[in-house]
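The structure appears below as structure tokens.
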Amino acid sequence: MKVLLVAHEKDAGGVSHHVVKLSSELINFGHEVKIVWHTPNAINDISLPLHSKDPVSLFLSSFGLLRLLKDFSPDVVHVHSRMPFLAVLPWAKALKIPVVYTAHGNYSPHRLSKLISLANVVISLCLTHQIYVTKELGVDAEKIRIVGNGVDTERFKPKNVEKAKDDIVIGLVGRLVSAKGFSFFLKVFSYLPIQTKLVIVGDGELRETLEEEAINLNISSRVVFMGKRDDMESIYPTFDIFCLPSIKEVYPLVLLEAMSSGLACVASDVGCISEIGKNSIIVLPKSDLNLWVKSLLRLIEDKEGRQSLSKRALERSKTFSWKNVAKRVEEIYLEVIKNEK
Numbered sequence: 001m002k003v004l005l006v007a008h009e010k011d012a013g014g015v016s017h018h019v020v021k022l023s024s025e026l027i028n029f030g031h032e033v034k035i036v037w038h039t040p041n042a043i044n045d046i047s048l049p050l051h052s053k054d055p056v057s058l059f060l061s062s063f064g065l066l067r068l069l070k071d072f073s074p075d076v077v078h079v080h081s082r083m084p085f086l087a088v089l090p091w092a093k094a095l096k097i098p099v100v101y102t103a104h105g106n107y108s109p110h111r112l113s114k115l116i117s118l119a120n121v122v123i124s125l126c127l128t129h130q131i132y133v134t135k136e137l138g139v140d141a142e143k144i145r146i147v148g149n150g151v152d153t154e155r156f157k158p159k160n161v162e163k164a165k166d167d168i169v170i171g172l173v174g175r176l177v178s179a180k181g182f183s184f185f186l187k188v189f190s191y192l193p194i195q196t197k198l199v200i201v202g203d204g205e206l207r208e209t210l211e212e213e214a215i216n217l218n219i220s221s222r223v224v225f226m227g228k229r230d231d232m233e234s235i236y237p238t239f240d241i242f243c244l245p246s247i248k249e250v251y252p253l254v255l256l257e258a259m260s261s262g263l264a265c266v267a268s269d270v271g272c273i274s275e276i277g278k279n280s281i282i283v284l285p286k287s288d289l290n291l292w293v294k295s296l297l298r299l300i301e302d303k304e305g306r307q308s309l310s311k312r313a314l315e316r317s318k319t320f321s322w323k324n325v326a327k328r329v330e331e332i333y334l335e336v337i338k339n340e341k
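Residues 1 to 341 in UniProt numbering are what the sequence shown spells out, letter by letter.
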């Protein structure tokens, strides 16, 4: 099978990572895959001016996409960003090539977002996300298939790390922005025992504010701001508990990484989190200070409970291996190809 993946920026975080990993697995399955990015001089990929803020470059890129569709002759086109979707859709329809679209977030329900309903199939990330895509973007529920994000289960796996005997290390990972709920968690942490340590991995506009809050809460000696790290596979195993106190979230990759690393996980009940966790993590109402404190106190005191939670999270994470995710996407490709004939 020939597959054309169309995305936006090659270095745009979670979406670009998703496209690269999906491509790798599909190639492992024996398929021929090409990726189109808005990235000048992309090595081994196809670069077209698919910039969402420049209608002229998008219009020009559509002719490059037409040539590519004719030369490569893919069996299916899989698009991962809205503006490139508009550029490729008319030509794919004219050439009778089925188009799959993955909605990677809760797009604002304006006209351009609603045009994704013209794809043969729209992939949403979970049932909660499917409801949003159906209700807010007007996509027919019969067109929607659910496929979550994947995690590299080989990279992120449990490792034995020496730890201080009595210390419990809680880890937070993510951009230091208000939506992640880190300010709320500092308040939660201020009620936890003195032997509890907090490690915050990530950077962002709120770093100085959060550091000041830690000082004002008299917990700065127990809080470490590590900044952004690229070796998270070595960082997760140093945690005893992973927390995700997000106020707003769709499908957090860091939760998959923490679960795959075998951590006891506690997360806010937002977006797809309860479906990701599914009886393998503790899911709590967002910003409920009393409940978060009580739940973490119990978990800190219950070593066996942490170990049980850790095992369940690790087992559940196998569902999200990139091989499993790619297999499900492959099934969708075969479905739309069959239906197009």
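Just so you know, even glycine gets a beta-carbon here, dropped at the ideal spot from N, CA and C.
Residue i vs residue j beta-carbon contact at 8 angstroms
i           : j      : result
ARG145      : ILE332 : yes
PHE185      : LEU172 : yes
TYR236      : LEU263 : yes
ARG155      : GLU233 : yes
ASP167      : GLN195 : yes
residue 348 : LYS180 : The question about residue 348 has no answer here: the residues shown for the chain are numbered 1 through 341.
VAL15       : HIS80  : yes
LEU200      : MET226 : Per the sequence presented here, residue 200 reads as Ile, with Leu not at that position. Closer than 8 angstroms, so yes.
LEU217      : LYS187 : yes
VAL88       : VAL6   : yes
ARG210      : LEU296 : Sequence check: residue 210 is Leu here, not Arg. Their beta carbons are not under 8 angstroms apart, which means LEU210 does not touch LEU296 by this criterion.
PRO252      : ILE282 : no
LEU60       : ARG82  : no
LYS323      : GLU25  : yes
Classification of residue i by the beta-carbon crowding that lies within 10 angstroms, buried from 16 upward
i           : result
ALA94       : exposed
GLY138      : exposed
ASP302      : exposed
PHE182      : buried
LEU127      : exposed
SER308      : exposed
ARG67       : exposed
VAL161      : exposed
PRO86       : It is worth fixing the name first, because residue 86 is Leu in this sequence and not Pro. Label assigned to LEU86: buried.
SER221      : exposed
SER280      : buried
GLU249      : buried
LEU65       : buried
SER310      : buried
PRO90       : exposed
GLU205      : exposed
GLU304      : exposed
residue 414 : Here the chain covers residues 1 to 341 and nothing more, so residue 414 does not appear.
Contacting residues, own chain, Cβ-Cβ under 7 angstroms from residue i (five flanking each side not counted)
i      : result
PHE72  : LYS2, LEU4 and LYS34
GLU275 : CYS126, LEU127 and THR128
THR153 : SER260, SER317, LYS318 and SER321
SER23  : LEU5, VAL33 and ILE35
VAL329 : LEU22 and VAL147
VAL336 : VAL76, PRO98, VAL100, ASN120 and VAL121
LYS114 : LEU137 and GLY138
TYR132 : ASN106
Supposed close pair residue i, residue j - CB separation, criterion 8 angstroms
i      : j      : result
VAL266 : CYS243 : 5 angstroms
VAL100 : ILE123 : 7 angstroms
SER190 : ILE219 : 5 angstroms
VAL169 : THR238 : 6 angstroms
PHE63  : ALA326 : Not confirmed; about 31 angstroms, so no contact.
ASP203 : ARG306 : Their Cβ separation, rounded to whole angstroms, is 28 angstroms, which puts ASP203 and ARG306 out of contact at 8 angstroms.
LEU299 : TRP292 : So it is not a contact: roughly 11 angstroms between Cβ atoms.
GLY150 : LYS21  : 6 angstroms
PRO84  : HIS8   : 6 angstroms
Neighbourhood of residue i by C-beta distance below 6 angstroms, restricted to the same chain and skipping five residues each side
i           : result
SER117      : GLY138 and VAL139
LYS286      : ILE247, SER268 and VAL270
HIS104      : VAL15
ALA92       : VAL77 and VAL99
LEU314      : GLY262
residue 344 : This structure cannot speak to residue 344, because the chain is shown only from 1 to 341.
GLY277      : VAL283
Same chain, Cβ closer than 8 angstroms to residue i, neighbours up to 5 away in sequence not counted
i      : result
GLU340 : LYS96, ILE97, PRO98 and ASN120
ALA141 : GLN130 and THR134
LYS143 : SER117, ALA119, ASN120, VAL121 and VAL122
PRO74  : LYS2, VAL3, LEU4, LYS34 and ILE97
LYS228 : VAL201, GLY202 and ASP203
Discussion item. Extract the residue ranges of the beta strand (DSSP E) inside the segment 251-339, only unbroken runs of 3 or more that lie entirely within it.
Written reply: 264-268 and 282-284
Worksheet item: Fully enclosed by the segment 149-195, which alpha helix (DSSP H) runs are 4 residues long or longer?
Response: 182-189
Worksheet item: Whole alpha helix (DSSP H) runs in the segment 105-155 with 4 or more residues, listed along the chain?
Response: Within the segment 105-155, the complete alpha helix (DSSP H) runs of at least 4 residues are 111-114 and 127-137.
Discussion item. To test your reading of the DSSP string, which unbroken alpha helix (DSSP H) runs of 4 or more residues are found completely within the segment 201-236?
Written reply: Whole alpha helix (DSSP H) segments, 4+ residues: 207-216 and 232-235.
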